[in-house]
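Colleague: Protein chains in written order, with the working numbering: chain A, 1 to 316; chain B, 1001 to 1341. C-beta: ideal position from N, C-alpha, C; glycine also. Just so we're clear, the structure is a prediction, and the values are computed from it rather than from any experiment.
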Amino acid sequence: MLVYIGTMIEVLQLTRRFGDKIAIDNLTMKINDGEIFGLLGPNGAGKTTTLRILAALISPTSGGAVIDGFSVNNKDNLNEIRKRLGLLPEVPGLYETLSAYRNIEFYGELYDVPKEEREKRIEELLKALEIWEERSKPVATFSKGMKQKIAIARALVHEPSVLLLDEPMSGLDPSARKTVKDFIRNLKKKGRTIFLNTHNLDDAQQLCDRVAVINTRLIALDTPENLGKGLWKPKLAITLAKIEDVDKARAVLSGYGELEQMGKRIEVSIKNAEEDNPKILQKLISSSIEVVYAEEVKHTLEESYLELLRREGARI
Amino acid sequence: MKAWLIMKKDFEEFKQNKMIISSLAVFPLLLAVIVPIATLLPLSYAIEEEEKKIIYEEDIAYPSTNETIIGEISGMVENKTIRSGKVSSAIVKGSIIEKDVKVENSILISCVVNGSVENSTLVNSIINTKRVLNVNIVDSKFVRSSPGLEELNFAFDISFSMVLIFFILIPMIIPTLVASYSIVGEKNNRSLEPLLATPISGRELLLGKIFAIFVPSLFVTYASFGLFVVIVAAVFPQILYRIFTAEWLIALGLIVPLASLMSIETNVFISTRYSDVRVAQQMGGLGTLPVFLLFVPLLSGIVQVALFLGVFAFAVALVDVGIFVITDKLFDRESILLRWK
Chain A
1 MLVYIGTMIE VLQLTRRFGD KIAIDNLTMK INDGEIFGLL GPNGAGKTTT LRILAALISP
61 TSGGAVIDGF SVNNKDNLNE IRKRLGLLPE VPGLYETLSA YRNIEFYGEL YDVPKEEREK
121 RIEELLKALE IWEERSKPVA TFSKGMKQKI AIARALVHEP SVLLLDEPMS GLDPSARKTV
181 KDFIRNLKKK GRTIFLNTHN LDDAQQLCDR VAVINTRLIA LDTPENLGKG LWKPKLAITL
241 AKIEDVDKAR AVLSGYGELE QMGKRIEVSI KNAEEDNPKI LQKLISSSIE VVYAEEVKHT
301 LEESYLELLR REGARI
Chain B
1001 MKAWLIMKKD FEEFKQNKMI ISSLAVFPLL LAVIVPIATL LPLSYAIEEE EKKIIYEEDI
1061 AYPSTNETII GEISGMVENK TIRSGKVSSA IVKGSIIEKD VKVENSILIS CVVNGSVENS
1121 TLVNSIINTK RVLNVNIVDS KFVRSSPGLE ELNFAFDISF SMVLIFFILI PMIIPTLVAS
1181 YSIVGEKNNR SLEPLLATPI SGRELLLGKI FAIFVPSLFV TYASFGLFVV IVAAVFPQIL
1241 YRIFTAEWLI ALGLIVPLAS LMSIETNVFI STRYSDVRVA QQMGGLGTLP VFLLFVPLLS
1301 GIVQVALFLG VFAFAVALVD VGIFVITDKL FDRESILLRW K
């Protein structure tokens, strides 16, 4: 058995074709042990196919992936991989006539979790997800959000080292969304590796240590903050006290190129934040322009994602 | 064994869905009452009526005869014993017609007829032969048997065999819809993907699915059979012994479970090949037809032979193993998931 210290999942030149259609094209990435990793991309980008290959449900056309030291290319490994994974598919796929408790218990049995341990874990999971009181009710009576929580508990009943989540926040109301997000953060604290497929970029930004943007092939991989690095020129945003000072500021900062203005807020292009920011502020203050607030312009993950896909020519 | 877990889970789902239970149980239980009453009861009544026409040899009052005749006889004959030869265009009164005599175009009055009779009229006679053709029988009695009784007994035997066929067919027909839903239903509910992501083998999943349907089908079949036995014991106690024969025991103990397994396996196989529930159920119905063809020999009446039933049971067992091996070999997680629409 190969041991990848620090790497829980390694995807190497992974390619999957369906007939003439390429679903995943030469995808290479590493997911570290204990991190929350987000896989982003438009519909049809290959996110679910990647997740299914990692879950040992479908096989790669070429290339491969190694999960906790076990290659998905070796058929003898597949059950070992399955034991180490917890899967939350896009649709929860629960047994509607059975109770919440029984749905999770059934999976605990399939993963050979001993009875006492199983009972303890189910209780812990359902309490953490705030559905313990509803455990005996048939799943058919539950809201979409509650079903999603049960499916998450089901994926965790055997304490997998890797959790594969396909759109975990889909259809959840804000309160349930918060519960699930807090729950995922707690899992990370416990050392779980979480692989997250999502369309929701706010969730990815809040949760993920690193994200990859794919559109059949890898477009970018970095932390949510750094994903947009190099996409935009750095800018300093300054909020002035009086709107009348905007023209004065434009004159003072003429050397920094064209200013962008939105009410009392102006944005100035900079080259080096450490050098340029103090100079700009000093110039404004020395020209008797009152500054209320100044900050470097930051781009959200959503902006970076959309820009990356725009440049890629993807249909968003 | 994870197959047991699948089976247990499916049982629980069946239990929650009363319609599944009732669709499995009501039809065979109802038929277990209707079939004997609709088929065996009228026949049994007709046989009883026919038997009233029969007298026994010891009760026969033989006419007193004064002469034994051998050879060809015609015209008027009275109080004779005709031992061999032919009676043609004669009127015979108070005589005994022995076994080797052939009677044609004659009228027999108050005779005891042991030989063959054709195109004749028998009045107030005692008939102790099965060889009667185109005969008009008036106020006569049969000794031990009668042509009508033979036919009725034959019809009763066939009906009785059909009841056995019915008990073989119940566990083949009843579970087809549930079996053809087994895998495609999981696909449809989207519960198959997380299930296949667990370390369960295809074989365990298939076995669990098959036995989850097999056990209740068999239970329902034996329950309806139990009900049938109760009805037979109450209505026709005289034929109860016919049920506890080697043939019936082989059929019920071996062929019933094996035939049920064959039908369920065929439908579960079909369920793994289609992604639409309706198509799977429709194909499941069609797929069971060739299975029924195997049972043509049973319908043709060979059902009575214990040895044949034993060989037949063995053949069905081999087919069961074959279907399962093929289903297991063709069960592939990837193709099942990717056939999803």
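For residue 1/A, count the other beta carbons within 10 Å of its own beta carbon; 16 or more makes it buried, fewer makes it exposed. Which is it?
Modeller: Because the pLDDT at residue 1/A is just 40, under 50, the model does not fix this residue reliably, and the point stays unresolved.
Colleague: Assess contact between the segment 300–311 of chain A and the segment 252–271 of chain A, defined as three or more Cβ pairs (one per stretch) separated by less than 8 Å. Is contact present?
Modeller: Verdict: no, contact absent.
Colleague: Can you name the residues of chain B whose CB is closer than 7 Å to the CB of residue 79/A?
Modeller: Ordered by position in chain B, the residues that pass the 7 Å Cβ test against residue 79/A are 1199.
Colleague: Is there a Cβ of chain B sitting closer than 7 Å to that of residue 23/A, yes or no?
Modeller: Not closer than 7 Å to any Cβ of chain B, the Cβ of residue 23/A fails to qualify, so no.
Colleague: Under 7 Å, Cβ to Cβ, is there at least one residue of chain B near residue 93/A?
Modeller: Taking Cβ atoms only, chain B reaches closer than 7 Å to residue 93/A, which makes this a yes.
Colleague: Below 8 Å between beta carbons is the criterion; list the residues of the segment 133–158 of chain A that meet it against any residue of chain B, in chain order.
Modeller: So the list reads 138, 151, 154, 155, given in the order they occur along the chain.
Colleague: Taking only three categories from DSSP, how would you classify residue 195/A?
Modeller: Strand at residue 195/A.
Colleague: On a CA-only basis, which of 1205/B, 1076/B, 1234/B, 1081/B is nearest residue 1066/B? Give me that one, please.
Modeller: Out of 1205/B, 1076/B, 1234/B, 1081/B, 1081/B has the C-alpha closest to the C-alpha of residue 1066/B.
Colleague: Can you list, in chain order, the residues of its chain whose CB lies under 8 Å from that of residue 179/A, leaving out five sequence neighbours each side?
Modeller: So the qualifying residues of the chain are 129, 130, 149.
Colleague: Where does residue 243/A land, buried or exposed, given buried means 16+ other C-beta within 10 angstroms?
Modeller: It is exposed - the Cβ of residue 243/A has fewer than 16 other Cβ atoms within 10 Å.
Colleague: What residues in the segment 93–110 of chain A bring their beta carbon closer than 8 Å to a beta carbon of chain B?
Modeller: The residues in question are 93, 94, 95, 96, 97, 98, 102, 106, 107, 109, 110.
Colleague: Tell me which residues of the segment 110–133 of chain A have at least one Cβ-Cβ distance to chain B shorter than 9 Å, keeping chain order.
Modeller: The segment 110–133 of chain A vs chain B, Cβ under 9 Å: 110, 111, 112.
Colleague: Is residue 169/A helix, strand or coil by DSSP?
Modeller: Coil at residue 169/A, not helix or strand.
Colleague: Which residues does DSSP pair with residue 138/A in a beta bridge?
Modeller: Beta-bridge pairing links residue 138/A to 99/A.
Colleague: Answer with buried or exposed for residue 313/A, where buried requires no fewer than 16 other C-beta atoms within 10 angstroms of its C-beta.
Modeller: Residue 313/A comes out exposed.
Colleague: Look at the Cβ atom of residue 1001/B, then the Cβ atom of residue 1212/B, and state whether they are nearer than 7 Å.
Modeller: Against a cut-off of 7 Å, the Cβ pair of residue 1212/B and residue 1001/B comes out as no contact.
Colleague: Which one or two residues does DSSP pair with residue 70/A in a beta bridge?
Modeller: Partner(s): 67/A.
Colleague: Considering only residues of the same chain and omitting the five flanking positions on each side of residue 1098/B, which have a CB-CB separation below 8 Å?
Modeller: These residues qualify, in order along the chain: 1081, 1082, 1083, 1084, 1114, 1115.
Colleague: Does residue 1341/B come within less than 7 Å of chain A when only Cβ atoms are used?
Modeller: Because the pLDDT of residue 1341/B is 47, which lies under 50, any placement of that residue in the model is unreliable, and the number read from its coordinates should be weighed accordingly. False, the Cβ-Cβ gap to chain A never drops below 7 Å.
Colleague: Residues in the segment 1261–1295 of chain B with C-beta within 7 Å of chain A's C-beta atoms, listed in sequence order?
Modeller: Going along the segment 1261–1295 of chain B in chain order, one finds no residue with a Cβ nearer than 7 Å to chain A.
Colleague: Can you say whether residue 107/A is buried or exposed, counting buried as having 16 or more other CB atoms within 10 angstroms of its CB?
Modeller: Residue 107/A is buried by the Cβ-count criterion.
Colleague: Thinking just about the alpha-carbon of each residue, which of 1174/B, 1163/B, 1183/B is nearest to the one in residue 1034/B?
Modeller: The candidate whose alpha carbon is nearest that of residue 1034/B is 1163/B.
Colleague: Is residue 1196/B helix, strand or coil when you go by DSSP?
Modeller: In this structure, residue 1196/B counts as helix in the three-state DSSP scheme.
Colleague: For the ligand GDP, any of its heavy atoms closer than 6 Å to the Cβ of residue 1217/B?
Modeller: Judged by which ligands are present, the structure shown has none, so any question about the ligand GDP falls away.
Colleague: Compare the C-alpha of residue 143/A against each of 299/A, 171/A, 256/A, 164/A and name the closest.
Modeller: Minimum Cα distance to residue 143/A is reached at 171/A.
Colleague: What first and last residue would you give for the beta strand (DSSP E) that runs through residue 75/A?
Modeller: Per DSSP, residue 75/A belongs to no beta strand (DSSP E) and is neither H nor E.
Colleague: Would you please state the rounded distance, in angstroms, between the beta carbons of residue 151/A and residue 88/A? I believe it to be under 8 Å.
Modeller: Between residue 88/A and residue 151/A the Cβ distance is about 5 Å, and since that is below 8 Å, they are a contact.
Colleague: For the candidate residues 1174/B, 1014/B, 1070/B, 1261/B, whose alpha-carbon lies nearest to that of residue 1027/B?
Modeller: The candidate whose alpha carbon is nearest that of residue 1027/B is 1174/B.
Colleague: Name, in chain order, the residues that DSSP records as bridge partners for residue 32/A.
Modeller: For residue 32/A, which the question treats as bridged, DSSP gives the partners 7/A.
Colleague: Unbroken beta strand (DSSP E) runs of length 3 or more, entirely within the segment 1104–1130 of chain B: which are they?
Modeller: Those beta strand (DSSP E) runs which fall completely within the segment 1104–1130 of chain B and span 3+ residues are 1107–1109, 1116–1118, 1121–1123.
Colleague: Assuming residue 160/A and residue 85/A form a contact by the criterion Cβ under 8 Å, report the distance between their Cβ atoms to the nearest whole angstrom.
Modeller: Residue 160/A to residue 85/A, Cβ: 5 Å. Contact.
Colleague: Can you check whether the C-beta of residue 1194/B is within less than 7 Å of a C-beta belonging to chain A?
Modeller: Yes - at least one Cβ of chain A is within 7 Å of the one on residue 1194/B.
Colleague: Note down, in chain order, every chain B residue with its Cβ under 7 Å from the Cβ of residue 59/A.
Modeller: In chain order: 1334.
Colleague: Could you tell me whether the Cβ of residue 1029/B comes closer than 7 Å to any Cβ of chain A?
Modeller: No, residue 1029/B does not count as interfacial toward chain A.
Colleague: Helix, strand or coil, according to DSSP, for residue 1341/B in the structure here?
Modeller: The predicted model places residue 1341/B with a pLDDT of 47, which falls under 50 and marks its position as unreliable; any figure quoted below should be read in that light. Coil at residue 1341/B, not helix or strand.
Colleague: Helix, strand or coil for residue 200/A? Go by DSSP, reduced to three states.
Modeller: Coil at residue 200/A, not helix or strand.
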